[in-house]
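Let me begin by presenting the structure, written as structure tokens, before commenting on it.
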Amino acid sequence: MTTLDTKNYLDSPEHELAARRAATKLRNVLRLNTELSIVTGTIGLAAGGPVANMLGVDQVWLIRLLGGGLAAFALVVFIVAGSRTKTLQTWSAKISIADLGWVAGTVAVIGLGWLSTTGVVVMAAVGLLVLALSIAQIRSRNCLVAATAETDAGLDESPPVEIHTLIREIDGTPEQLWPAISDHALYAELALNLKAAQNVTPNGPGFERTCTDSLGRTWSETCTLWDPGHRFDIDINIDDYPYPLQMVQGSWRVAEASPKTSNISMVFAFQPNRGIYGRIFLPTMHLLFPLILKRIAKGWDRTAKQRNIQAAGAV
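In terms of our numbering, the sequence shown is numbered consecutively and its last residue is 297.
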């Protein structure tokens, strides 16, 4: 195994990776909370009259006031989601308390009979969503607190470094799957966001490759860890990277799960640019990553099987 002398977040101690994964999960739940709050708040502000009629209340001003409050709340949650880890721990607890307060208020309003039948259904549905988010936030925060108890503040960067991981067990041994995993042209064919990927230098320690996205934008990547048959890591050259990220690292791995199956994993660490653009980009990235990576994993599985059948037939 060969590594280059550079900071590799994906090769950090497991307790540090666990803390980053827990923080990323909590940030993503808070981003969902942001989206729900901004949607409901905008509706309340823009359509106060129709919303009041639907809920069966006469105070249009109250609906608009609640809409403005939700919009302000969404801004706070959005800021917290991209904050340092210590701030994330502290303020996510306060956000969860506020969410539970909303749920309690919803139960009280419904119980007092202040809403129409449609209003009860709508408010109950929103309340259940808020309750689910609050529970998810509390659980994610508990995982983060437990994980950070074993590490130091070295992971408390600003903007924070986030981790995205996909692990799948598929048929085949590491020896059978490695040729597909280390095939960069195949990777580009399977990745929905890529048009091409090709080696500038041959596979091995420090190899370089270029990638081109579906819009024709090209950037370079350098291998920082090469463990043939098992794993390789890359570091993206941010100077020509078209997305609002100041650091992106990726790791592609395969390990034996059983005599006939293997665990393949793709792990990414990324740090957004400072400012609003980088913060807004992250929710979209987290939304698309699972779809892209699952397609790649299925493609590796299919390709490895096809190549093994062809190899067996050639014997």
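We put the beta carbon where it would ideally sit given N, CA and C, even for glycine.
> Since F214 contacts V230 with CB under 8 Å, what's their CB separation in whole angstroms?
Replying inline: Contact doesn't hold; Cβ gap of about 15 Å is too wide.
> Of the residues D81, D221, Q253, T22, which one's Cα is nearest the Cα of P142?
Replying inline: Minimum Cα distance to P142 is reached at Q253.
> Which two residues bound the contiguous beta strand (DSSP E) that contains V104?
Replying inline: Per DSSP, V104 belongs to no beta strand (DSSP E); it is in the alpha helix (DSSP H), 99 to 130.
>> So, for G186: in the same chain, excluding its five sequence neighbours on each side, which residues have a beta-carbon less than 7 Å away from its beta-carbon?
In response: The residues are W208.
> Tell me which same chain residues have a C-beta within less than 7 Å of the C-beta of P265, skipping the five on either side of it?
Replying inline: Cβ-Cβ distances below 7 Å link P265 to R13 in the same chain, with the five nearest sequence neighbours on each side left out; the list follows chain order.
>> So if DSSP puts D195 in a beta bridge, which residue, or which two residues, is it bridged to?
In response: Paired residues: L176.
> Expressed to the nearest angstrom, what Euclidean distance is found between the alpha-carbon atoms of I25 and L273?
Replying inline: Each residue's alpha carbon lies about 30 Å from the other.
> Can you give the beta carbon distance from A1 to L126, rounded, assuming they're within the 8 Å contact cut?
Replying inline: A1 to L126, Cβ: 7 Å. Contact.
> Using the beta-carbon count (16 or more within 10 Å), is L97 buried or exposed?
Replying inline: That one is buried.
> Excluding sequence positions up to five away, which residues of its chain have a Cβ less than 8 Å from the Cβ of L115?
Replying inline: The residues are V11, L14, N15, L18, D81.
>> Short of 8 Å in beta carbon distance, which residues of its chain neighbour D195, apart from the five on each side in sequence? Order them along the chain.
In response: Counting only Cβ-Cβ distances below 8 Å, and skipping sequence neighbours, we find N175, L176, K177, P224.
>> For I216, count the other beta carbons within 10 Å of its own beta carbon; 16 or more makes it buried, fewer makes it exposed. Which is it?
In response: It counts as buried.
> Cα-Cα, which of N219, D(-7), I20, I262 is closest to A56?
Replying inline: Comparing Cα-Cα distances from A56 to each of N219, D(-7), I20, I262, the minimum goes to I20.
> How big is the Cα-Cα spacing for A4 and I278?
Replying inline: Between A4 and I278, the C-alpha separation is close to 24 Å.
> Pick from I152, A86, E190, G260: whose alpha carbon is nearest that of K298?
Replying inline: Residue 298 lies beyond the range of the chain shown here (-17 to 297); nothing can be said about it.
> How would you call Q41, buried or exposed, if buried means at least 16 neighbouring beta carbons within 10 angstroms?
Replying inline: So Q41 ends up on the exposed side.
> My guess is that T67 and D138 are in contact by the Cβ rule of under 8 Å, so how many angstroms apart are they, rounded?
Replying inline: Contact holds; Cβ gap of about 5 Å.
> Sorted by chain position, which residues of the same chain lie with C-beta nearer than 8 Å to V104's C-beta, five sequence neighbours on each side aside?
Replying inline: Cβ neighbours of V104 beyond the five flanking positions: M36, L37.
> Whose C-alpha, out of T99, L47, D(-7), A63, is nearest the C-alpha of T6?
Replying inline: It is A63.
>> Quick check on Q292: buried or exposed, where buried means 16 or more other Cβ atoms within 10 Å of its Cβ?
In response: By the C-beta density criterion, Q292 is exposed, having fewer than 16 other C-beta atoms within 10 angstroms.
> Where does the unbroken alpha helix (DSSP H) through N15 begin, and where does it stop?
Replying inline: N15 -> alpha helix (DSSP H) spans -4 to 28.
> What number of angstroms, rounded off, separates the C-alpha of A179 from the C-alpha of S233?
Replying inline: Here the alpha carbon of A179 sits roughly 16 Å from the alpha carbon of S233.
>> Does A34 pass the burial test, meaning 16 or more other C-beta atoms within 10 Å, or should it be called exposed?
In response: By the neighbour-count rule (16 or more Cβ atoms within 10 Å), A34 is buried.
> Helix, strand or coil for W282 per DSSP?
Replying inline: In the structure shown, W282 sits in a helix (DSSP, three-state: H, G or I).
> When burial is assigned at 16 or more other CB atoms within 10 Å of the CB, is A162 buried or exposed?
Replying inline: That one is buried.
>> I believe V59 touches P156 by the beta-carbon criterion, under 8 Å. Please report the beta-carbon distance rounded to the nearest angstrom.
In response: The beta-carbon separation of V59 and P156, rounded to 42 Å, does not stay under the 8 Å limit for a contact.
>> V182 and E171 - do their beta-carbons sit closer together than 9 Å?
In response: For the pair E171 and V182, the CB atoms are not nearer than the 9 Å cut-off.
>> What does the Cβ neighbour count give for D221, buried or exposed, with the cut at 16 atoms within 10 Å?
In response: Using a 10 angstroms sphere on the CB of D221, the tally of other CB atoms stays under 16, which defines it as exposed.
>> Is L57 close to the ligand GDP? I mean its beta-carbon at under 8 Å from any heavy atom of the ligand.
In response: As far as ligands go, the structure on display features none, and thus does not contain the ligand GDP.
> CB-CB under 7 Å to V102, same chain, minus the five flanking residues each way: which ones, in chain order?
Replying inline: Hits under 7 Å: I92.
> Expressed to the nearest angstrom, what Euclidean distance is found between the alpha-carbon atoms of A107 and T88?
Replying inline: Here the C-alpha atom of A107 lies approximately 10 Å from the C-alpha atom of T88.
>> Spatial neighbours of S(-6) within its chain, please: C-beta separation below 7 Å, excluding the five flanking residues on both sides.
In response: Counting only Cβ-Cβ distances below 7 Å, and skipping sequence neighbours, we find nothing.
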